[in-house]
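Chemist: Per the working numbering, the very first residue in the sequence shown carries number 650; after that it's consecutive.
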Amino acid sequence: MTGVAGEQAERTRAAVVAAAQECFLTRGYAATTMKDIAGLAGVSPQAAYTVGGKAALLVTVADQALAGDPARLRALRDERERDKKLRLLRDVTREWLPMAHAMTRLFREASAGDPGLVEAWDAYESRRLAGVRTLVRSFGHLLRPDVSVERAADACWALFGGQTADALMLGRGWSADEYADWLADAVDRLLLRRGRGDTV
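1. What are the boundary residues of the alpha helix (DSSP H) that includes His750?
2. Cα separation between Leu819 and Ala654?
3. Name the DSSP bridge partner or partners of Leu840?
4. Thinking C-alpha only, which one of Gly762, Leu707, Gly701 is nearest Thr753?
5. Report back the beta-carbon spacing between Phe709 and Gly717 to the nearest angstrom; my notes put them in contact at under 8 Å.
6. What is the rounded straight-line gap between the Cα of Leu792 and the Cα of Leu841?
7. Could you check whether Leu738 and Leu755 sit closer than 9 Å to each other, using their CB atoms as the reference points?
8. Comparing alpha-carbon positions, which option in Leu674, Tyr678, Leu808 lies nearest Asp763?
9. What does DSSP give as the partner residue(s) for Leu792 in the beta ladder?
10. Cα-Cα, which of Gly652, Glu671, Thr661, Cys672 is closest to Ala697?
11. Buried or exposed: which applies to Asp685, given that a residue is buried once 16 or more other Cβ atoms fall within 10 Å of its Cβ?
12. What do you reckon, are the CB atoms on Phe809 and Ala801 nearer than 9 Å?
13. Examine the Cβ distances between the stretch 814 to 832 and the stretch 740 to 752 and report whether three or more of them are shorter than 8 Å.
14. Please go through the same chain and pick out, in chain order, the residues whose beta-carbon is closer than 7 Å to the beta-carbon of Asp837, but skip the five residues on each side of it.
15. Anyone know if the C-beta pair for Leu674 and Leu722 falls short of 9 Å?
16. Taking 8 Å as the limit between beta carbons, can you name the residues of its chain near Pro747, skipping five residues before and five after?
17. Going by the beta-carbon positions, is the gap between Val767 and Arg786 smaller than 9 Å?
18. Taking C-beta to C-beta, are Val692 and Ala669 nearer than 9 Å?
19. For Leu689, count neighbouring C-beta atoms within 10 Å of its own C-beta (all shown protein chains included) and say buried if the count is 16 or more, exposed if not.
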């Protein structure tokens, strides 16, 4: 593939993925068609299918939302000082939460209504756990002595999960800011040893 063709393919991919995200969020997964996505992206249905079918596009947009801002996540993982790390966790969560929560809820509901998506949902949750585990390892020097990385990862996987967010944000009306503050506080109180400003 030439440079020009490659750039065009990447533009097409970006347009189709962005259109899929918008369609899924505004119309729902079941009601969205590939024709809808192609029309919004300004490409032919055939061109949209070169990026992926509807199920593949759902996985792509959910993974994209889950990934967040790589530079911000690197800064969070690299920070060693306790209070700064918790502040970064709060800030990154506030930025990441609205889209990640919306896409996770949409994916979970779609998989409940489409048996063909169950395996994709399970794989997505496995990737989410792996990402949480990587983040928790960066807190390893701050964990309580009786809390292993694996145990802390399981706890964070549940705390940061879509069902917890649904219960507090949708069920109890919490804002994203309130939920992010609570998550950082929960990590601090439940998993980290006592002491301020800890480093290595």
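The C-beta atom is built at its ideal place from N, Cα and C for all residues, glycine as well.
For clarity, every value in this text was computed on a predicted model and none was experimentally measured.
Modeler: In this structure, then:
1. 731 to 762
2. 44 Å
3. Paired residue(s): none; Leu840 is not in a bridge.
4. Leu707
5. Note on residue identity: the sequence assigns Thr, not Phe, to residue 709. Between Gly717 and Thr709 the Cβ distance is about 15 Å, and since that is not below 8 Å, they are no contact.
6. 4 Å
7. no
8. Tyr678
9. Leu841
10. Thr661
11. buried
12. no
13. yes
14. Leu735
15. no
16. Ala825
17. no
18. no
19. buried
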